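In terms of this note's numbering, the sequence shown opens at residue 28 and continues consecutively. Where is the CB? At the ideal position from N, CA and C, for every residue including glycine. From a predicted model like this one, the values you see are computed outputs, not experimental measurements.
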Amino acid sequence: MATEILMPRQGNSVESCVILEWRKNEGDQVSTGDIVCEVETDKATFEIEAPADGVLVKRFFEEGDDVPVLTVIAAVGTAGEDVSSMAPAGAASAAPAPAAAPVAEATSAAAPAPTAAPVQAAAPDGKVFASPRAKKAAADKGVSLAGLTGSGPGGRIIEKDVLTAQPSVSVSPAAKAGIAAGLTAPARGTGIGGRILSSDLGTAAAAAVSTVDIPAGENREIPLKGVRKVIAERMHASLQTTAQLTMNAVADARELQAYRKQCKAAPETMGMGGVTLNDMVIYAVSRVLPAYSFMNAEMFPDKIVEYGDVHIGFAVDTDKGLMVPVIRNASRLSLKAISAEAKRLGKACVEGNITPDELSGGTFTISNLGAMGVGHFTPVLNAPQVGILGVGGIDLKAVQGAEGVDFVPHIALSLTIDHRAVDGAPGAKFLKAVAAEIANFRLALAD
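Given below as structure tokens:
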């Protein structure tokens with residue numbers, strides 16, 4: 028009897044996954060634990076293994092399909108087995124795959140060997156002319172042969188050319204096999220973090236075109252799918268289902284800058300050199316939130332839930348779109364621990380190996396655009412959370428001093444609240460408390 032392969036649930040918040048790449052074809056022999064396909068949630072990628080030994084009788088979905096979790100995506104059994112009863116609604120035809128044709132007998136050893144094809148720098152079918160050792164080195168190192176200048180005869184790429192090349196972005200195993208076979212690959216793929224998938228092979232020319240300006244009179248269509256589609260849906264739903272109000276303020280940033288400078292000058296053994304201004308803002312907010320539990324909350328149709336634990340999400344910009352990993356129990360962590368966790372999560376987002384659970388469970392969010400020269404802006408709520416703090420750049424502000432006007436660096440703060448759950452006055456008090464915590468950052472470190 029055939030065994031179902033299900034689309035697993037990756038985290039409580041994941042409702043569906045997109046099939047990025049099938050590693051096994053219908054009719055292929057598989058063993059328990061073999062990688063059958065690679066799938067993508069709205070934020071991360073992972074692999075699905077075969078649950079049993081046998082033949083991959085049927086794939087019910089194609090690459091690019093968005094499949095609900097716990098749905099049957101394939102079946103493993105015996106060749107020619109009828110698995111139509113396993114087919115989920117909306118899946119492809121469940122007719123069993125035809126049995127593989129018998130392998131032809133080996134040709135006579137006396138048959139003449141085929142004549143070698145003439146050397147070419149690039150073949151018209153998209154393959155690159157490279158030595159077998161160069162292909163193997165490219166696959167092992169994750170280097171695309173496309174774009175490499177060969178130093179061998181006739182421009183042939185040899186092993187030395189690959190070993191001296193810079194590593195490319197991460198490459199899926201199936202794509203590595205294609206690269207080893209000589210297929211071209213773009214500098215960046217369509218997977219998370221620019222990962223090159225097998226579907227990207229042979230598209231180097233198209234990828235190069237996408238990085239230049241669109242010629243006059245021409246258009247470019249970009250399918251709305253994957254992370255971009257999820258972001259669009261969530262932002263639209265946030266604005267449709269909440270009553271958003273944004274308040275702006277500034278905070279004296281002299282202590283932030285002074286402490287940041289002190290951290291950079293600290294001995295390397297202390298591990299404080301990597302502390303950023305954003306880490307310090309996260310720390311300050313984490314110390315204020317427990318005293319303003321109405322901001323550390325979520326709004327649901329029939330209730331407001333205020334949380335005792337502070338789990339702060341922070342926006343990370345990646346090639347695949349905006350991601351919001353969560354620093355859990357931030358109010359219990361030291362500044363050094365918050366900085367280390369922020370770096371770990373940010374790196375995982377950029378590289379595409381962040382887990383769904385690390386992107387869920389936040390109770391408050393911070394979005395920092397200060398490094399991009401932005402001042403005040405209107406951050407959009409990460410619903411159902413009732414608050415998000417936008418952090419802008421640091422600019423000089425004229426302040427009346429004892430002997431005249433002083434120009435003091437201030438950091439821009441923009442707080443968006445869900446006015447259904449939080450009134451303007453309480454929200455303003457919270458924003459004022461955050462500004463005071465930032466202005467007196469050294470005292471905040473005593474918490």
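- The Cβ atoms of Val82 and Ala114 do not sit closer than 8 Å to each other.
- Non-local C-beta neighbours of Glu385 in its own chain, meaning closer than 8 Å and more than five positions away in sequence, comprise Pro352, Val353, Leu372, Ala375, ordered along the chain.
- Of the candidates Gly400, Thr405, Arg255, Arg255 places its Cα closest to the Cα of Thr345.
- When the five nearest sequence neighbours on each side are left out, the beta carbons in the same chain lying within less than 6 Å of the beta carbon of Asp474 are those of Arg314, in order along the chain.
- Shortest Cα-Cα distance from Tyr319 to any of Val337, Pro328, Ala243 involves Val337.
- Sequence-distant Cβ neighbours of Gln412 in its own chain, meaning closer than 7 Å and more than five residues away, are Glu325, Gly389, Thr390, Phe391, Thr392.
- Taking C-beta separations shorter than 7 Å and ignoring five residues to either side along the sequence, the partners of Ala270 in its chain run Asp445, His446, Arg447, following chain order.
- By DSSP's assignment, Arg247 forms no beta bridge with any residue.
- The way I'd put it, the region 295 to 305 doesn't touch the region 460 to 469; fewer than three beta-carbon pairs between them come closer than 8 Å.
- Around the C-beta of Gln37, 16 or more other C-beta atoms lie within 10 Å, and the residue is accordingly described as buried.
- If you compare the alpha carbons of Val426, Phe88, Val407, Leu423 with that of Gly417, the shortest gap goes to Val407.
- When C-beta atoms of the region 430 to 446 are compared with those of the region 271 to 286, three or more pairs fall below 8 Å, so the two segments count as touching.
- For Phe434, the enclosing beta strand (DSSP E) stretches over residues 431 to 445.
- Judged by their CB atoms, Thr443 and Leu272 are nearer to each other than the 8 Å cut-off.
- When the Cα atoms are used, Gly431 and Pro383 turn out to be separated by approximately 54 Å.
- DSSP lists Ala101 as the beta-bridge partner residues of Arg86.
- In this structure Ala311 touches Ile465 by the C-beta definition: roughly 5 Å separates them, less than 8 Å.
- Within its own chain, the residues whose Cβ lies closer than 8 Å to the Cβ of Asp80, once the five positions on either side in sequence are excluded, are Val57, Ser58, Thr59, Val103, listed in chain order.
- Excluding its 5 nearest sequence neighbours in each direction, Ala471 has C-beta neighbours in its own chain below 6 Å: Ala311, Arg314, Glu464, listed in chain order.
- Using a 10 angstroms sphere on the CB of Leu362, the tally of other CB atoms reaches 16 or more, which defines it as buried.
- For Gln427, the enclosing beta strand (DSSP E) begins and ends at 414 to 428.
- Around the beta-carbon of Thr72, 16 or more other beta-carbon atoms lie within 10 Å, marking it buried.
- If you draw a 10 Å sphere on the C-beta of Glu248, you find fewer than 16 other C-beta atoms in it, and that means exposed.
- Judged by their CB atoms, Glu65 and Arg50 are nearer to each other than the 8 Å cut-off.
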